[in-house]
Ligand code: ADQ
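Structural data, given as structure tokens:
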């Protein structure tokens, strides 16, 4: 089998402690790497005074990782800068938070060049190369400049922004042009793919777009919506382990018969926690009969703490949770439990199973795996209700959730009201439909689909036989035009 070379900003090899604390993505990628004797290349997370290009190889549970240290200036400009202060907010529609600094763009270009230089000697001509996420968009083009002709794919884990926001980035055309160096571009859902195609149609009029393929100059690039999944079977099993039972029972005891509403998110402004807190407060205000009858548990481990906008959102959530508890709490009841720490996967799965409703309401999200994990962890005989943002990629697959506008406290309160009163039969019907999708399009399905497309020949010009089982089989030029007119 062809050797796989995975490149991502950070690598996440097996820990050797079993799969309990590993995400489905890490497990699936590790298994593909193990099978093909591949390597996983990325930043070590460590700092070095001067970049040397020294590669640190390590092998854990059959998976080889190759990592490099970066200089403080690289970390500032590439990681904390262009990736997290420019592209992340921009790709999540937060142009108000996006910072456009020449130094950031320079650091981003430099680190991508350094990655290409360091990776080059590790690649053999037959390797399949798979680059992940917005940190490394230019890497494919940098490898091509170094005469790498290998099959090379790119998967974007975030949304693709609407064209008129993306064009606020001074180097937008250069960034997108770099994507044409790949053989395959994968997006989380049809909406992000349509948005990308609209941008290409609008900004690169010379590009021919048809049958899931973009032809531009001498490049032919296949594009696909390939939604990432979770290891549904394993997650469902986790939720019934003794450790998960213990977590579920202990939380149920603490609730003293109240219904649990739950949210689990990295502490990030894109996750809509502020609006969610307002929605919950609105429920307690508009439906006082729920006061002392429900508890909302929001788990939010801090992330990207070097970045000011993350410090701001943390302060705002601290204040808001205090305010809500101040307003509604009684001597016997704390309405909102706001917890800034992580939990291991078994405990988390047990907690999901104890929750009558989950609030997964990002303002914009590439996919959102928490939504899928919550579904997989439910008791089929007494499942909870998923309240899901229309603006999460997962909403395309999980149409049987209660879909909401995450910006509207009123709509969130209405959905909570509906979820808390939903009859068992309706909960079961909605859950079954969602679970079918989570199980069928799981992490292995995603991995196989992407790699099958990466290794297959591009469809010949004019062909309509796209290698697709879903909506991207439609003519993508039409999709771009439809997106343009909507
Ligand atoms: P993220 O923005 O990190 O990922 P998400 O898809 O929700 O978001 O994944 C978060 C993961 O972290 C989940 O597996 C969740 O269980 C775990 N997690 C969160 N809080 C936790 C806690 N307190 N304790 C333990 N685990 C916790 C990016 C994109 C998403 C996309 C993924 C994968 O932003 O849109 O779905 O990549 O492509």
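Numbering (the numbering used here), first residue to last: 114 to 599.
Note that CB positions come from ideal geometry on N, CA and C, so glycine has one too.
Contact annotation: the segment 398 to 417 does not touch the segment 540 to 554, with fewer than three C-beta pairs closer than 8 Å. Leaving aside the five residues that flank residue 246 on each side, the residues in its chain whose CB is nearer than 8 Å to its CB run, in chain order, 121, 122, 268, 269, 270 and 271. Straight through space, the alpha carbons of residue 531 and residue 235 are spaced by roughly 55 Å.
For residue 437, the secondary structure class from DSSP, reduced to helix, strand or coil, is helix. A distance below 8 Å separates the beta carbons of residue 473 and residue 499. Here the segment 255 to 269 does not lie against the segment 191 to 202, with fewer than 3 beta-carbon pairs under 8 Å apart.
In the DSSP annotation of this structure, residue 384 is not part of any alpha helix (DSSP H), being labelled neither H nor E. The beta carbons of residue 201 and residue 183 sit no closer together than 8 Å.
Listed in chain order, the non-local C-beta contacts of residue 332 below 6 Å within the same chain comprise 293, local neighbours out to five positions each way being set aside. In the structure shown, residue 428 adopts helical secondary structure according to DSSP, grouped into three states.
In this structure, the ligand ADQ has no non-hydrogen atom nearer than 7 Å to the beta-carbon of residue 329.
At a cut-off of 4 residues, the continuous stretches assigned as alpha helix (DSSP H) that sit fully inside the segment 216 to 284 are 252 to 258 and 276 to 279.
Relative to the ligand ADQ, residue 555 has its C-beta separated by 7 Å or more from all heavy atoms. Using a cutoff of 7 Å, the CB of residue 192 does not count as near the ligand ADQ, since none of the ligand's heavy atoms is closer than that. Taken through DSSP and simplified to helix, strand or coil, residue 183 comes out as strand. Residues 526 of the same chain have their beta carbon placed closer than 7 Å to that of residue 399, with the five preceding and five following residues left out of the count.
Below 8 Å, too few C-beta pairs join the segment 294 to 309 and the segment 219 to 236 to call them touching: fewer than three. Put simply, the backbone Cα of residue 229 is about 6 Å away from that of residue 256.
In this structure, residue 478 has its beta carbon less than 7 Å from a heavy atom of the ligand ADQ. Linking residue 310 to residue 519 through their CA atoms gives a straight-line distance of about 26 Å.
DSSP places residue 321 in the uninterrupted beta strand (DSSP E) bounded by 321 to 323. The Cβ atoms of residue 168 and residue 143 lie no closer than 8 Å to each other. Within a 10 Å sphere around the beta-carbon of residue 391 sit 16 or more other beta-carbons, which makes this residue buried. Rounded to whole angstroms, residue 558 and residue 302 show a C-alpha spacing of 15 Å. In this structure residue 209 is exposed. Its beta-carbon is surrounded by fewer than 16 other beta-carbon atoms within 10 angstroms. Annotated as distal: residue 147 and residue 239, with beta-carbon spacing of 8 Å or more. In terms of side-chain proximity, the C-beta atom of residue 270 is found nearer than 7 Å to a non-hydrogen atom of the ligand ADQ. If the five residues before and after residue 188 are omitted, its C-beta is found closer than 7 Å to the C-beta atoms of 160, all from its own chain and listed in chain order. By the beta-carbon neighbour count (other beta carbons within 10 angstroms, threshold 16), residue 485 is buried.
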